[in-house]
Each structure stands twice: as structure tokens, then as C-alpha cells.
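Below is one structure, written out as C-alpha cells; comments come after it.
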Ligand code: UDP
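In our numbering, the protein residues as written are 741 to 1143.
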């Protein structure tokens, strides 16, 4: 069985047939993805799975990663926060650093694709290399309320792209170029999401010295302020007064996220007097993340801002009850009280956690509903279809793509 065929039992034959049909129409085109990290974070997560499948479908595809030093990634992290609407001090030097590193990448990265698909702000200046090929800018960030200075800076480059792609309707901006709304996805067959034997899950709990003696609440995220790990601890502490439980806060760093070390130290400080809080610094290990999610009673994602929130899809696909903030792409995934509980504050999160812990049947039903919602909307096969339609549409002007 080819890898593509392995998706048939999950999504049905017609979905796979559609993908083959679309791929045929893309013969002769080279698709080139460009981003800023090969590991860590949602973008790399998706590309690692999508690129091989596009190739298997016969669509010529390559993936390039730009280079940048610590200074560059500190600046792009500030950009990231500013685009999410967080006030950031950005000075002239920051923009110079961005431009200097971009100039090196402009020299070094070969943008030979027929379609150059640039992900997020870090590589955006590569558009300087535009010739007669097509250029797409894929924004994974919620830019509904960006800090103006950074947005204006990026706009100078963005308007030179053919089209922009956003993850959710609420993220889009008024732009003079075409826009597409395409939600991200998870891969049900990846190490991150595939079924696991119970013995393996137990072994991972053992490895991290987490006893399975009481309910486990887990948030898996980069140690980033916007993921609000301290808020997660505060919510857990409110729950713990009434219901005995454990909290797992697990995350690794992404190569393009220098803020993580400091946030991790703050989390460790706040957790140090409670042996029921397990703070885990994970090396990139998808099977372990999968096992920790499956071992959990409830998954949290208490982000203050979020792009799409792949961790929510991952948890729901595993049938887990999820408590998550009503931000970014999370409400696309969770319909409140149907496929999870949405919250807006620490108190709200604590209330939702108690509700789920006190009503396991209700929680289970929400997890089951969530799994079906992910199957229908947020699996890799849907994402591949959307991207291929997008690629084709670039050659069809304003017309409908006729298959
Ligand atoms: N992730 C991981 N290890 C970690 C932390 C996160 O593998 O230590 C994964 C997580 O499972 C998810 C992705 O990284 O697949 C994070 O994507 P998300 O959209 O939730 O957030 P982002 O990091 O892109 O803001």
C-alpha cells in the first residue's frame, strides 16, 4: 500500500481520487515552500508531512529553509508578537537586522519554483527575487489586530506577492492582492497522531516520572508567553483545591524562538513547590508528544493569542476533551459545549476543567464529537486539496477552476 492509500480507511476513496486528479493538473510545475525552521512549531510540523505526500502524488515539490542568527530570530520573534497585537519595542536597528539577514538569504536561496510559497514574515523579503514565477505568502499568524509599524513594514513586500493565504476568516486583512482562507491540518498517520500501544504510553509516563494515579491535565506548547503557561498553572491551582489531579506542562524550543529559555525558567519557578506539576522540556519527539496527549484526561490550550492551534486538533483527533481559549483558530475547532469547552480567563478555564473532571461522560462525548469534526475539516488530505486548488487558481486569473 502506498502512503496515500493508507488514508483511504480514514477519509474515504473519493477524497484520495480527488487528490490524484488535482495532482495531474499540476504536472510540470515546481512548488517551492520556504520557511525559517525545519523543526519546531506548527509550520514545520505541517511541511514535514505535506511535502512527501505532494511528491508521492507526483507534484514536483521542494522545501527550503532560510538562515538567520540569534539577532535575526530575536527580531522576528518581536515581529511575531507585534503581529499578534502585543506591544513590542522595535527600533531602527531591529529593522536593519531584518533587512541585512534577508539580503543574505536573497543572495543564497535559489527561488527557482514555478510557485514560490513563502511561510510567515521571516522570509517575506525574498519577493525581491521575483521574476515571472508565481509568489504566495502564507500567514500562519492571527493578524486581525497587528501593531501598525510592523504591519506597514511587511506590507511593502506583501503587496508584491500574487496572493496571500490566511488560516481563518477573522485573520484576513484588507489587501490589494487576492486572498485565500485555508485552515491548517494534522496528519492522522504521523508519529504525532497515529494510534499507540498502551504499553508505550505507560513507558513514556514512567520515563517522565508521571504516576497515572489521578486525572492528568496537559498543555503541550512551546514555552512562550502567548501560550500562557503561568495561566495554566493558576487555573490548575484553582481546580486542585477541589479535585485532586496532576498538571503536565510539556514543550520544547523551536529553532526560531529565542524567548523560550526565560519563559521555561519562570514556569519552573512557579511550579517548584508542587510535586503534582510536571514541567517537561521535550526534545523533538513526536511519539512522546502523542503518548503524553493520549495519557491525558484533559488537554488544555490556554493561549492568549493563537495562530490556528494545531495542538487542539491533535488532542481532539485523539478523542480527548479539550479546554481552550477562544482565540485565533481555536473556535474553528471547538464549538463550545459540543466539541470542547472554550474559556476567556483563568477562572473560566478552572471552571471548565472542573466541569469536565466532574462529568467524565459529558467530557467523553465532547472528545468524540471533536474527533469527527477534525476528521471532516482538519486532516492533511483536505489541506492538500485546498493547496492544489490554490496552485491551479494562480493560473486561472479570476476564473473558477474547472476540474
Ligand atoms: N510541539 C511539539 N513539541 C513541543 C511543543 C509543541 O512537537 O514540545 C508541536 C505540537 O504538537 C504542534 C506544534 O508543535 O504540532 C505546535 O503548533 P501550534 O499550532 O499548536 O502552535 P505554534 O507553536 O505553531 O504556535
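Beta carbons are placed, not taken as given, at the ideal position from N, Cα and C, and that holds for glycine.
query = Quick one: does the C-beta of residue 1123 sit closer than 8 Å to a heavy atom of the ligand UDP?
reply = The nearest non-hydrogen atom of the ligand UDP is 8 Å or more from the C-beta of residue 1123.
ask   = Residue ranges of each alpha helix (DSSP H) run of no fewer than 4 residues wholly in the segment 804–885, ordered along the chain?
value = Look at the segment 804–885 and you find these whole runs of alpha helix (DSSP H), each 4 residues long or longer: 810–823, 832–848.
request  = Could you check which residue in 1130, 821, 1115 has the C-alpha nearest to that of residue 748?
outcome  = Ranked by Cα distance from residue 748, the options 1130, 821, 1115 are led by 1115.
message = Please state the DSSP three-state secondary structure of residue 945.
response = If DSSP states are grouped into helix, strand and coil, residue 945 belongs with the helices.
Nearest residue (CA-CA) to residue 905, options 889, 946, 892, 924 = Nearest of 889, 946, 892, 924 to residue 905, Cα basis: 924.
ask   = Could you give the distance in angstroms between the alpha-carbon of residue 1118 and the alpha-carbon of residue 1094?
value = Distance between the alpha carbons of residue 1118 and residue 1094 is about 28 Å.
query = DSSP on residue 1024, reduced to helix/strand/coil?
reply = Correct three-state label for residue 1024: coil.
ask   = beta strand (DSSP E) containing residue 958: first to last residue?
value = Note, residue 958: beta strand (DSSP E), 956–960.
message = When you compare the CB positions of residue 785 and residue 743, do they come within less than 9 Å of one another, or not?
response = Cβ atoms of residue 785 and residue 743: not closer than 9 Å.
task = Determine the direct distance from the alpha carbon of residue 939 to that of residue 968, and round the result to whole angstroms.
result = One Cα belongs to residue 968, the other to residue 939, and the distance between them is close to 32 Å.
message = Counting only beta-carbon separations shorter than 9 Å, does residue 1086 have a partner in chain D?
response = This model lacks chain D altogether, as it is built from one protein chain only.
request  = Would you be able to state if there are at least three C-beta pairs under 8 Å between the segment 1005–1021 and the segment 956–973?
outcome  = With three or more CB-CB distances shorter than 8 Å, the segment 956–973 counts as touching the segment 1005–1021.
inquiry  = Tell me the rounded alpha-carbon separation between residue 1107 and residue 1074.
reply    = Rounded to whole angstroms, residue 1107 to residue 1074 spans 10 Å at the Cα level.
task = Could you tell me the boundaries of the beta strand (DSSP E) in which residue 1050 lies?
result = Following the DSSP letters along the chain, one finds residue 1050 in no beta strand (DSSP E) but inside the alpha helix (DSSP H) bounded by residues 1050–1057.
ask   = Any chance the segment 874–894 sits against the segment 824–843, with 3 or more Cβ pairs inside 8 Å?
value = Of all C-beta pairs linking the segment 874–894 to the segment 824–843, three or more are shorter than 8 Å, placing the two stretches in contact.
query = Where does residue 767 fall in DSSP's three states?
reply = Residue 767 falls in the coil class under three-state DSSP.
ask   = Hey, how far is the Cα of residue 841 from the Cα of residue 817?
value = Residue 841 and residue 817 have their C-alpha atoms some 14 Å from each other.
task = In the DSSP assignment, find the beta strand (DSSP E) that holds residue 1039 and state where it starts and stops.
result = It spans 1038–1041 - the beta strand (DSSP E) in which residue 1039 sits, taken as one unbroken run.
ask   = Between the Cα of residue 1109 and the Cα atoms of 1123, 1053, 929, 1065, which residue gives the shortest distance?
value = The shortest C-alpha separation from residue 1109 is found at 1053.
task = May I ask you to check if the CB of residue 961 is nearer than 8 Å to at least one heavy atom of the ligand UDP?
result = Within the cutoff, so yes.
task = Could you work out which residue in 752, 801, 792 is closest to residue 768 when comparing CA atoms only?
result = Comparing Cα positions, the closest option is 801.
request  = Determine the closest residue to residue 979 out of 1043, 762, 1016, 771, with distance taken between C-alpha atoms.
outcome  = The shortest Cα separation from residue 979 among 1043, 762, 1016, 771 belongs to 1016.
message = Please report the distance separating the alpha-carbon of residue 1158 from that of residue 799.
response = Residue 1158 lies beyond the range of the chain shown here (741 to 1143); nothing can be said about it.
inquiry  = Check whether the segment 773–790 and the segment 801–810 touch, using three or more Cβ-Cβ pairs below 8 Å as the test.
reply    = They touch, by the three-pair rule.
task = Verify the contact flag: residue 782, CB atom, against every heavy atom of the ligand UDP, threshold strictly below 8 Å.
result = Yes; taking the cut-off as 8 Å, the Cβ of residue 782 has a heavy atom of the ligand UDP nearer than that.
query = Using a threshold of 8 Å, is the CB atom of residue 999 nearer than that to any non-hydrogen atom of the ligand UDP?
reply = Not so, every heavy atom of the ligand UDP lies at least 8 Å from the Cβ.
Residue interval of the alpha helix (DSSP H) (run including residue 1129) = For residue 1129, the uninterrupted alpha helix (DSSP H) segment begins and ends at 1120–1133.
ask   = When DSSP builds the beta bridges, which residues end up paired with residue 775?
value = DSSP links residue 775 through a beta bridge to 805.
ask   = Between the segment 857–873 and the segment 888–902, are three or more C-beta pairs nearer than 8 Å?
value = Taking a cut-off of 8 Å on C-beta distances, the segment 857–873 touches the segment 888–902, as three or more cross pairs fall below it.
query = By DSSP, does residue 1113 sit in helix, in strand, or in coil?
reply = Taken through DSSP and simplified to helix, strand or coil, residue 1113 comes out as helix.
message = Let me make sure I understand the geometry here. Which of 1058, 1127, 1005 has the alpha-carbon closest to that of residue 1113?
response = When each option's Cα is compared against that of residue 1113, the closest is 1058.
query = Can you name, in chain order, every residue of its own chain whose Cβ lies under 8 Å from the Cβ of residue 846, other than the five neighbours on each side?
reply = Around residue 846: 865, 866, 868, 869.
Continuous alpha helix (DSSP H) stretch holding residue 1000: start and end = In the DSSP annotation of this structure, the continuous segment of the alpha helix (DSSP H) that includes residue 1000 starts and ends at 1000–1011.
message = Please return the same chain residues whose Cβ sits closer than 8 Å to the Cβ of residue 1026, not counting the five positions on each side in sequence.
response = Excluding positions up to five away in sequence, the list reads 930, 931, 932.
Own chain partners of residue 750 with C-beta closer than 6 Å, once the 5 adjacent residues on each side are dropped = For residue 750, same chain residues with a beta-carbon under 6 Å away, outside a window of 5 residues either side, are 928 in chain order.
key: Member of 1098, 1029, 792, 829 whose CA lies at the smallest distance from the CA of residue 888   = Nearest option by C-alpha distance: 829.
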